[in-house]
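Residue numbers (the working numbering), protein chains in the order written: chain A, 77 to 216; chain B, 3 to 124; chain C, 1378 to 1869; chain D, 142 to 320.
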Amino acid sequence: MNEHLIVRVVTKMLVPFVLLFAIYVQMHGDFGPGGGFQAGVIFATGFIVYGLVFGIERLIKALPLRILLFGISGGLLLYAGVGIASLFAGGTYLDYGVLDSHDPVHGQHLGILLVELGVGITVASVMTAIFITFAERWHR
Amino acid sequence: MTEALVFFMAHANTWAATALLCVGLWVIMVRGNLFKKVIGLNIFQTGVFLFYISMGYVRGGTAPIVVDDPDAVYSNPLPHVLILTAIVVSVATTSLALALIVRIRESYGTTEEDDVIAADEP
Amino acid sequence: MNLLAHLPALQIVVPLVGAPICALLFNPRLAQPFAVLVSLVTFAISIALLNQVLAEGEVVYRMGGWEPPWGIVYVVDPLNALLLCLVSGMAAIVMPAVRLGIGSETTERSRRLFLTLALLALTGMLGIVITGDAFNLYVFLEISSLSSYALIATGTDRRAAAAAFNYLVQGTVGATFILIGIGLLYMMTGTLNMADLGERVVDLRHTAPIQAALAFILVGAAVKAALFPAHAWMPNAYTYAPSMVSAFFGATATKVGAYIMIRFIFTVFGAEWVFGDMMVGWVLVPLGIAAAFAGSLVAIWQTDLKRMLAYSSVAQVGYISAAIGLGNKDGLIAAIVHVFNHGLMKGALFMVMACVILRMGRADISSFRGLGRRMPVTMGCFVVAGLSMIGVPLTVGFVSKWYLILGAVEAGMWPVAVLVVMSSLLAVVYIWRVVEVAYFAPPPDTARVREAPALLLVPTLLLTVLCVAFGVATDTTVGVASYAVSFLMGEP
Amino acid sequence: MEQIIDILLLLLVVAMAIAMARLTNLIAIAILGGVYSLVLASIYVLLDAVDVAFTEAAVGAGITLTLMLAAISLSARRERLRRRPVRNAIAVAACSVVAAGMIYASLEMPHFGDPDAPIHTHVAPRYIEASPEEIGVPNMVTSILASYRGYDTLGETTVIFTAGIAVLALLWRWRRDGR
């Protein structure tokens, strides 16, 4: 689709908004429908559209596997790390209440924010990585 | 008449879920194309999703997001949580299955189960 | 932070955190020692947990600090503690040898992803075994299943991918059946916690959804345990998987399926109802005996010995299922002990296959000719573990069959006892075939074959020694098993 | 009214599933699968499961569809149809058993939408009543997902992680990406 000017221009304009919407879904998951998983999927969709229009080579250049692997592992480590942090803070595993020594409700907020972020990062990276792997096979 | 209708309404969702389960299982068992089997798995799993979500519904309820009205009745959020997890599992299974299909296609040159079996016969 | 108080969480968290770290170790030389370290730590935690359970009884751990049934709890009783030791112990034994046993195709770089998947499979299986929450069991079941499909597909033969795909389809259907069963249970009781389910199910046993739930869960668990006739995925999967994967899964994967069956029957549904009114024993025992005969008979005709071992696993799962189906104390002891013992012997036998494949390139019966003299230690291990498979006294195989026969007699099922002995004789045939070729056939006069390297030989020897050690010192495994039975049958 | 829409959508979903089972053009099936997910998502909205609906729409009509099309473009686009009478008989028997089990179970199930069903009176009320104070998050699904049953969600993230690593291990060609 590299040769269609309109598609290219529209995609260029649209992709930032897709990513912005993903961040909105990520952050707004506490109040309305949405959360880490949905945000991750939308975030990945932004990259996938970019890859479809501008070619997989450019997407790989922007997101080499090494960086994606950091995302894939990093999100899970962030999630599991919050649990380990709560162990050190004196609670059981994944007990966010102890993360804030004064106000357990605030600790819960912090914990949920962090783990949802972890889910989002892992899902976005995994979905992008899987798409790149398939598309790269097709490309050759 | 109304009694039969009430009975039907009370079970329609479960029966629809059962129908999806059966269609999915049938595709998995009968169709020989590997893609078709993945589609069948997806239909099969959505049957289970529908079953869980239906049991969480409360008549006259609202989505489980806190509203100002103190008398609000909420649908049960727990099945929703379980099915969110199950949907994620089904995406993961689907993508792994597709990766395996690509591998099979590259080494056998086909995505039909019969051809794969025939190719390995001595 | 008191580490001892958090052992149940650490049991899972250590390999779970190890997996992403392993994927990030860009220097492939670091990944292997790291994975070994993680699996050793995991094994040490299981041993500590077993000790803790034997000293203090049931250990309960609340995830996130939420009390059950609102939050997820880990419940460690002697049964899970024993299985945790089996699974993590097998991982610790197999992991150091991975460098040699996964085929030549895997490159240095992809090996770290292989090790990551192995750690994930370990995490999944441990998670299934340790959890006290029905839905959490499903989640970890999928972790272990997905990683095992991928591990099997990394085999060098192209049939590995096809076998993995078949396993994926059947395994997912099985897991989804379990999910339907859990949904029916949840619908009727409103809870997902196994202990709470067990209490609330008692008054609901006459209802149709609970009975359907029992059926769905047993069918799903039977697929996962490769119980005849739902074993179709297993022979190909174990034949074409890399040797180390066959060794690890051959020793653990089907056992986890059997565990799911035991856990749901005894903790959730209640044994007296399952075996009394529902007469599940009349399904499990005949199926188990049929599996023992069918598996052993088919094993006799195999030329690929990895496939032969896979069919022998079908037979052994049959014994486990028959033992569960007896529904009495000795039967359950036999089932638990056999889950553990069969893990040891199948692990040892698949490790022997790994040694032979490394030296000969394949595990055909013809490649065993004359190996008795050329690879004496390896073949010695094969003979000892094979004797154990038959059930010769002083090996672990004898212990479990002894209790199985005791249980059958106690249940008044004389024919079952006789059939068990008869099917064991079939094992003599398929083990003897290999021994005959290895010791009495002249070796082909091709290039000299050396003994397997120490990295493979030591784990093989270790497993073989354990096969004898636990066969002589029976009170350790049987002791833990009967303690576990007293928990499951509710007479602590 | 809601009930009637619900029934109509259920009929539509089942009809689409049957159509997907019968079609042989794989691309058509994949795209129909996307629409199927959207209809399913609207049923979930009707059943108050907004989070699930959002996910089903994003996943089924987005990611799964894209991956399906990507994988189909790597292989044959049409399914070869072959008559398999024996397999068909076995499958019909198996499906009948499953259907009989579910219908038998459904006869004694709590009625659809019944507020006195066990799942609405045990465990769940605590989430609905106490989560705004204990967690301080208005969306109860998020509270349960991330906190009460946060450990399940850790497992869920691990499942996705496993899938990513598995696909990379199976398909990625190592020589092209830097050392």
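Just so it is clear, CB atoms sit at the ideal spot from N, CA and C, and this is done for glycine as well. In this text the structure is predicted, and so the values were computed from the model without any measurement.
Compare the beta carbon distance of residue i and residue j with 7 Å and say whether it is the shorter of the two.
i	j	result
H116(A)	A211(A)	It is worth fixing the name first, because residue 116(A) is Gly in this sequence and not His. No, these two residues do not count as a Cβ contact at 7 Å.
L1393(C)	T1493(C)	no
A171(D)	A94(B)	no
A1648(C)	M1571(C)	no
G1548(C)	G1597(C)	no
G1704(C)	F1652(C)	yes
A198(D)	A182(D)	yes
Y1807(C)	M1638(C)	no
Y169(A)	A1421(C)	no
R290(D)	I1449(C)	yes
L1353(C)	A1711(C)	Not covered by the structure: residue 1353(C). The range shown for chain C is 1378 to 1869.
L1490(C)	A162(D)	no
F1717(C)	G1627(C)	no
F1670(C)	S1522(C)	no
I1470(C)	P1821(C)	no
P1446(C)	V264(D)	yes
M281(D)	P79(B)	yes
L1755(C)	V1776(C)	Looking at the sequence itself, residue 1755(C) is Thr, so the reference to Leu does not match. Cβ distance not < 7 Å, so T1755(C) and V1776(C) don't count as in contact.
N35(B)	E114(B)	yes
Y155(A)	V125(A)	no
A1458(C)	L1497(C)	no
Could you check if residue i is buried or exposed, using at least 16 other CB atoms within 10 Å of its CB as the buried criterion?
i	result
N166(D)	exposed
L1802(C)	exposed
T1533(C)	exposed
M157(D)	buried
D293(D)	buried
T283(D)	buried
E1482(C)	Model confidence at E1482(C) stands at a pLDDT of 48, short of 50, so the residue's coordinates are unreliable and nothing is read from them.
S237(D)	exposed
P71(B)	For the record, residue 71(B) in the displayed sequence is Asp; it is not Pro. Burial call: exposed.
F107(A)	exposed
Identify the contact partners of residue i in chain C, using a Cβ-Cβ distance below 8 Å as the criterion.
i	result
F146(A)	L1401
S77(B)	Going along chain C, no residue has its Cβ under 8 Å from S77(B), so there is no contact; the nearest lies around 14 Å.
W173(A)	Before going further, note that residue 173(A) is Gly rather than Trp in the sequence given. Per Cβ cutoff of 8 Å: G1442.
So is the beta-carbon of residue i under 6 Å away from any non-hydrogen atom of the ligand MG?
i	result
L150(D)	Summarising the ligand content, the structure contains no ligands, and the ligand MG is consequently not present.
Residue i touches chain B at which residues, Cβ-Cβ below 7 Å?
i	result
I162(D)	According to the sequence as given, residue 162(D) is Ala; it is not Ile. Neighbours of A162(D) on chain B, chain order: V25, W28, V29.
A217(D)	T113
Name, please, each residue of chain A whose Cβ falls closer than 8 Å to the Cβ of residue i.
i	result
S214(D)	W214
V1390(C)	A156, G159, I160, Y169
A1386(C)	G159, L163, T168, Y169
Below 9 Å on C-beta distance, what does residue i contact in chain D?
i	result
A6(B)	Under the 9 Å cutoff, chain D gives no residues; its nearest Cβ is about 14 Å from A6(B).
S1524(C)	T303, I306, A307
Under 7 Å between beta-carbons, which chain C residues line up against residue i? List them in chain order, please.
i	result
D122(B)	R1536
Y125(B)	The shown model of chain B, from 3 to 124, leaves out residue 125(B), and the question about it has no answer.
L170(A)	M1440, G1441
A310(D)	S1487, L1490, F1491, L1494, A1527, T1531
Please list, in chain order, the chain A residues whose beta carbon lies closer than 7 Å to that of residue i.
i	result
P191(D)	Reading the sequence as shown, one finds Val at residue 191(D) and not Pro. In chain order: P109.
Can you pull the chain D neighbours of residue i, defined as C-beta to C-beta under 7 Å?
i	result
W1659(C)	Correct list: empty, because the minimum Cβ distance to chain D is about 18 Å.
Residues of the segment 1498 to 1522 of chain C whose Cβ lies closer than 8 Å to any Cβ of chain A, in chain order
none
Please list the residues of the segment 242 to 269 of chain D that have a C-beta atom closer than 9 Å to any C-beta atom in chain C, keeping them in chain order.
G242, M243, Y245, A246, S247, L248, E249, M250, P251, A258, P259, I260, H261, T262, H263, V264, A265, R267, Y268
Residues within the segment 269 to 291 of chain D neighbouring chain C, beta-carbon criterion of under 7 Å:
S288, Y289, R290, G291
Going along the segment 186 to 207 of chain A in order, which residues come within less than 7 Å of chain B, judged by CB to CB distance?
Per Cβ criterion, the list reads I206.
Which residues, in chain order, does the segment 94 to 107 of chain B contribute to contact with chain D at a C-beta distance below 8 Å?
A94, T95, T96, S97, L98, L100, A101, L102, I103, V104, R105, R107
Please list the residues of the segment 110 to 130 of chain A that have a C-beta atom closer than 7 Å to any C-beta atom in chain B, keeping them in chain order.
F113
Does the segment 107 to 118 of chain B come close enough to the segment 202 to 219 of chain D to have 3 or more Cβ pairs within less than 8 Å?
yes
Give, in chain order, every residue of the segment 82 to 111 of chain A whose Cβ lies closer than 7 Å to some Cβ of chain B.
Against chain B - using a Cβ distance shorter than 7 Å - the residues of the segment 82 to 111 of chain A are G108.
Of the residues that make up the segment 38 to 49 of chain B, which ones have a beta carbon closer than 9 Å to any beta carbon in chain D?
K38, V40, I41, G42, N44, I45, T48, G49
Say whether the segment 1411 to 1426 of chain C touches the segment 123 to 143 of chain A, bearing in mind that this needs 3 or more beta-carbon pairs closer than 8 Å, one atom from each stretch.
no
Is the segment 1749 to 1761 of chain C touching the segment 1640 to 1647 of chain C in the sense that three or more CB pairs, one from each, lie closer than 8 Å?
Under the Cβ criterion (8 Å, minimum of three pairs), the segment 1640 to 1647 of chain C does not count as touching the segment 1749 to 1761 of chain C.
Interface residues of the segment 177 to 207 of chain D facing chain C [CB-CB below 8 Å]:
The segment 177 to 207 of chain D vs chain C, Cβ under 8 Å: nothing.
With a cut-off of 8 Å, do at least 3 Cβ pairs link the segment 1598 to 1617 of chain C to the segment 1534 to 1545 of chain C?
yes
With a cut-off of 8 Å, do at least 3 Cβ pairs link the segment 45 to 59 of chain B to the segment 166 to 181 of chain A?
no
Does the segment 1572 to 1591 of chain C come within contact of the segment 246 to 255 of chain D, defined as at least 3 CB pairs closer than 8 Å?
yes
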